[in-house]
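Chemist: Quick one: this structure, given as structure tokens, is what I'll be asking you about.
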Amino acid sequence: MLNVTTDFGIIEFEISKGKMKLKKFAVIMCAAAALIFTGCGEKEAHPEMKIIEYTITEEPLTLDPQIACDSSSEMLIKNLFEGLVREDAEGTAKPGIADSWDVSNDGLEYTFHLAKDTAWSDSSPVTAEDFVFGITRAIDPQTGSENASDLFLIKNAAAFNSGKVSSNELGLYAIDNSTLKITLEYASDNLLHALTLPAAMPCREEFFSKSKGKYGKEPELLITNGPFCIRENYGWDHNKYIYIRRSENYHGANPAISLGVNFTISQQPSDPIAALESEQCDICEIYGSNLSRADEKGLTYEVTSDTLWGICCNTDIKAFKNAKLRVALFGSLNRDELLSDVPDSFVKTSQLVSSKVSFGGIKYRDAAGIFTLEEVQNPSQMYAKALEELDEKGIDLASTYTILSLDDDASSKIVSKMIERWNEVTGCYFNKELLSRSELLARIESGDYDFAVAPLNTAIDSPMEFLSSFRSDSQNNYINLNYPAYDEFIDKAHQATNVNDTIDALKSAESYLIEYGYIFPLYYESRYFAYGKDVSGAIFGSNSETIDFTKVQKQRP
2 MLNVTTDFGI
12 IEFEISKGKM
22 KLKKFAVIMC
32 AAAALIFTGC
42 GEKEAHPEMK
52 IIEYTITEEP
62 LTLDPQIACD
72 SSSEMLIKNL
82 FEGLVREDAE
92 GTAKPGIADS
102 WDVSNDGLEY
112 TFHLAKDTAW
122 SDSSPVTAED
132 FVFGITRAID
142 PQTGSENASD
152 LFLIKNAAAF
162 NSGKVSSNEL
172 GLYAIDNSTL
182 KITLEYASDN
192 LLHALTLPAA
202 MPCREEFFSK
212 SKGKYGKEPE
222 LLITNGPFCI
232 RENYGWDHNK
242 YIYIRRSENY
252 HGANPAISLG
262 VNFTISQQPS
272 DPIAALESEQ
282 CDICEIYGSN
292 LSRADEKGLT
302 YEVTSDTLWG
312 ICCNTDIKAF
322 KNAKLRVALF
332 GSLNRDELLS
342 DVPDSFVKTS
352 QLVSSKVSFG
362 GIKYRDAAGI
372 FTLEEVQNPS
382 QMYAKALEEL
392 DEKGIDLAST
402 YTILSLDDDA
412 SSKIVSKMIE
422 RWNEVTGCYF
432 NKELLSRSEL
442 LARIESGDYD
452 FAVAPLNTAI
462 DSPMEFLSSF
472 RSDSQNNYIN
482 LNYPAYDEFI
492 DKAHQATNVN
502 DTIDALKSAE
512 SYLIEYGYIF
522 PLYYESRYFA
532 YGKDVSGAIF
542 GSNSETIDFT
552 KVQKQRP
């Protein structure tokens, strides 16, 4: 007996007396034949039989939704799981596992009705209790989820996360197998969006318990409930690829159009336009310098969210822990002069959180107000005082410091102006090092830098998530800030029981980063994703770090 695994199923052969006889097909032959034979000599597209190619730069740390915090993991989870609701291309909540929901008149209670025949990838039913267990687990302080705060608008979630109440007091209740009630701390339009995030995905307690702490680490230690599932055979080769395929057990409102997605784990293509043309990838991020080439090649692309760029310093360096030194340097810069040569598509900003962001139904910027690091009138004098303080502590400055930036014309000009100004203020020597985007990110993430003009934030919809990334214990704290007062601001934001107190705490955190010279915001840059020929349908997350592939299709033969 010989089993041959294909993307269409398992074809089983019987070999006897020197002959091979086809014994059984796991799929209907006409589906496979459609890829080979066409009527009247015309080629047909058959998007339902196509595989989408996409590159992710890192191995997912875990596919456990409740603890996933890296972009690769969140990308896979977006497609392997489905929450109570799912967002369309406009960011509007649409039915997911829940086919309908009711909201109380005061906006504090949501009752979700699960669709019939919803199932896990092992064919077991998805129940309301699976959502209670998954959401509770995300909030549980013993889980240690960095994304717990995404769910703090649920009643008593912040209190449970801080150990003040038990899980029994959470505003979560499975009325029956197909009905879930969620009670909020305060009325908020953000609940439906929060329920699309990884932390709010269902988790079946029985299966999770059997995984013995390794849930989401291997295909056999994971069950999923979304439009895709990991390919049954050779679907995940660590640090090389993850192949997902349309799930036969998914019966919800968002079935996948394509047969599947091949996620290759490698560096992004150095020439994304060439990669799209050669079909090495079907969707790829491109940058401003490539837009004209994309137009010339007839490739379509979408503008997604804005990325905040700013100047940051590595406070792991002892001298940079001195506030006067940081403020003298950043306060000597004139933002308008620095950005006089950047493209018109760059939007100047002095804030860390965009004016587009709402929190708890309130425009964050309107509630928090505007604050900025004022230009210092005598930065050389302030710098001299900083040197005196450093000398008293026996801290010496290096002979030179390096500023990292992208190897493009706009970034190079920004750094040149910084160097000219800082050499004048300090009498020290600063130089620049121009890098590719991947090299720049790698250096910052590893802490191997002095100063950098860098992308700081793509999660423009979540001030809580962004500002929490600078906590002392955060894996994403690339400026290496380690200051108890800042951690207290974030803790207060997480533990607040109403939206106004949360915004007040976040405002304190944001103003601290700016006014004490940890980060100097510069501009927002739009991000662009291009499609290969005859490819369309991606739904980009509000932070552009995740793509929903359910509607992606290839129309080319």
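Numbering-wise, the working numbering puts 403 at position 402 of the sequence shown, and it's gapless, one number per residue.
Glycine included, C-beta positions come from ideal geometry on N, C-alpha and C.
What residue range is occupied by the uninterrupted alpha helix (DSSP H) comprising P485?
Modeler: P485 to Q496
Chemist: Are there three or more Cβ pairs, one per stretch, closer than 8 Å when the segment 208–224 is compared with the segment 385–394?
Modeler: no
Chemist: Compare the Cα-Cα distances from L277 to each of V553, A539 and F530 and report the closest residue.
Modeler: F530
Chemist: Exposed or buried, what is H495 when buried is set at 16 or more other beta-carbons lying within 10 Å of its beta-carbon?
Modeler: When all chains shown are included, H495 counts as buried.
Chemist: Would you call the CB atoms of F550 and I53 closer than 8 Å?
Modeler: Annotated as proximal: F550 and I53, with beta-carbon spacing under 8 Å.
Chemist: If you follow the alpha helix (DSSP H) that T503 is part of, which residue opens it and which one closes it?
Modeler: V500 to E516
Chemist: Across which residues does DSSP place T403 in a beta bridge pair?
Modeler: N432
Chemist: Report the three-state DSSP secondary structure of L3 (helix, strand or coil).
Modeler: Only weak support is given to the placement of L3: the predicted model assigns it a pLDDT of 45, under 50, and the question is left unresolved by the model.
Chemist: For the segment 434–449 and the segment 115–128, state whether three or more C-beta atom pairs, one from each stretch, are separated by less than 8 Å.
Modeler: The segment 115–128 and the segment 434–449 do not touch, with fewer than three beta-carbon pairs separated by less than 8 Å.
Chemist: Just verifying my parser: in three-state terms, what is the DSSP assignment at G135?
Modeler: helix
Chemist: Do the CB positions of K418 and E338 come within less than 8 Å of each other?
Modeler: yes
Chemist: Closer than 7 Å by C-beta to N335: which residues in its own chain qualify, once you throw out the five before and the five after it? Chain order, please.
Modeler: So the list reads E376, once near-sequence residues are dropped.
Chemist: How would you call I480, buried or exposed, if buried means at least 16 neighbouring beta carbons within 10 angstroms?
Modeler: With 16 or more Cβ atoms within 10 Å of its Cβ, I480 is classed as buried.
Chemist: Between the C-alpha atoms of L222 and I504, what's the straight-line distance to the nearest angstrom?
Modeler: 39 Å
Chemist: Of all the beta strand (DSSP E) runs that stay within the bounds of the segment 138–215, which reach a length of 3 or more residues?
Modeler: Fully enclosed beta strand (DSSP E) runs of 3 or longer: 173–177 and 180–184.
Chemist: Going by other Cβ atoms of all chains shown within 10 Å of its Cβ, with 16 needed for buried, is R557 buried or exposed?
Modeler: exposed
Chemist: Between I78 and M202, how many whole angstroms is the CB-CB distance? I'm expecting something under 8 Å.
Modeler: 7 Å between Cβ atoms; contact.
Chemist: Where does C429 land, buried or exposed, given buried means 16+ other C-beta within 10 angstroms?
Modeler: exposed
Chemist: With which residues is K414 paired in a DSSP beta bridge?
Modeler: BP columns for K414 are empty, so no partner.
Chemist: What residues in its chain sit with their C-beta under 7 Å from that of L152, if we drop five residues either side in the sequence?
Modeler: I136, A139, I140, A158, A195, A200 and A201
Chemist: Compare the C-alpha of L171 against each of E186, D131, S341 and N178 and name the closest.
Modeler: E186
Chemist: Taking D535 as the reference, which of F229, I224, S279 and E60 has the closest Cα?
Modeler: S279
Chemist: Taking 7 Å as the limit between beta carbons, can you name the residues of its chain near F82, skipping five residues before and five after?
Modeler: P66, M202, T225, N226 and G227
Chemist: Can you name the start and end residues of the alpha helix (DSSP H) that E49 belongs to?
Modeler: Here E49 belongs to no alpha helix (DSSP H), and DSSP marks it neither H nor E.
Chemist: Using alpha carbons as the reference points, say which of D107, I245 and S259 lies closest to D190.
Modeler: Ranking the options by Cα distance to D190, first place goes to D107.
Chemist: Under the three-state reduction of DSSP, which class applies to S74: helix, strand or coil?
Modeler: helix
Chemist: State the DSSP-derived secondary structure class of V328, mapped to helix, strand or coil.
Modeler: helix
Chemist: Give me the Cα-Cα distance between R327 and L374, rounded to the nearest whole angstrom.
Modeler: 11 Å
Chemist: Look up Y532 in the DSSP assignment and give the residues it is bridged to.
Modeler: DSSP lists I284 as partners of Y532.
Chemist: Compare the beta carbon distance of L346 and S527 with 8 Å and say whether it is the shorter of the two.
Modeler: One point to set straight first is that residue 346 is Ser, not Leu, in the sequence displayed. Their beta carbons are under 8 Å apart, which means S346 touches S527 by this criterion.
Chemist: Ignore the nearest five residues each way along the sequence and tell me which others in T265's own chain have a CB closer than 6 Å to its CB.
Modeler: Excluding positions up to five away in sequence, the list reads T56 and Y242.
Chemist: In angstroms with no decimal places, state the Cα-to-Cα distance between Y235 and V262.
Modeler: The C-alpha of Y235 lies about 14 Å from the C-alpha of V262.
Chemist: Which residues in the same chain as R205 place their Cβ atom closer than 6 Å to its Cβ, once the five residues preceding and following it in sequence are excluded?
Modeler: D131
Chemist: Counting only the same chain and skipping the five closest in sequence on each side, list residues whose C-beta sits under 8 Å from that of S167.
Modeler: F161
Chemist: Classify E511: buried if its beta carbon has 16 or more other beta carbons within 10 angstroms, exposed otherwise.
Modeler: buried
Chemist: Thinking Y519 and T316 are a contact (beta carbons under 8 Å), I'd like their distance in whole angstroms, please.
Modeler: So it is a contact: roughly 7 Å between Cβ atoms.
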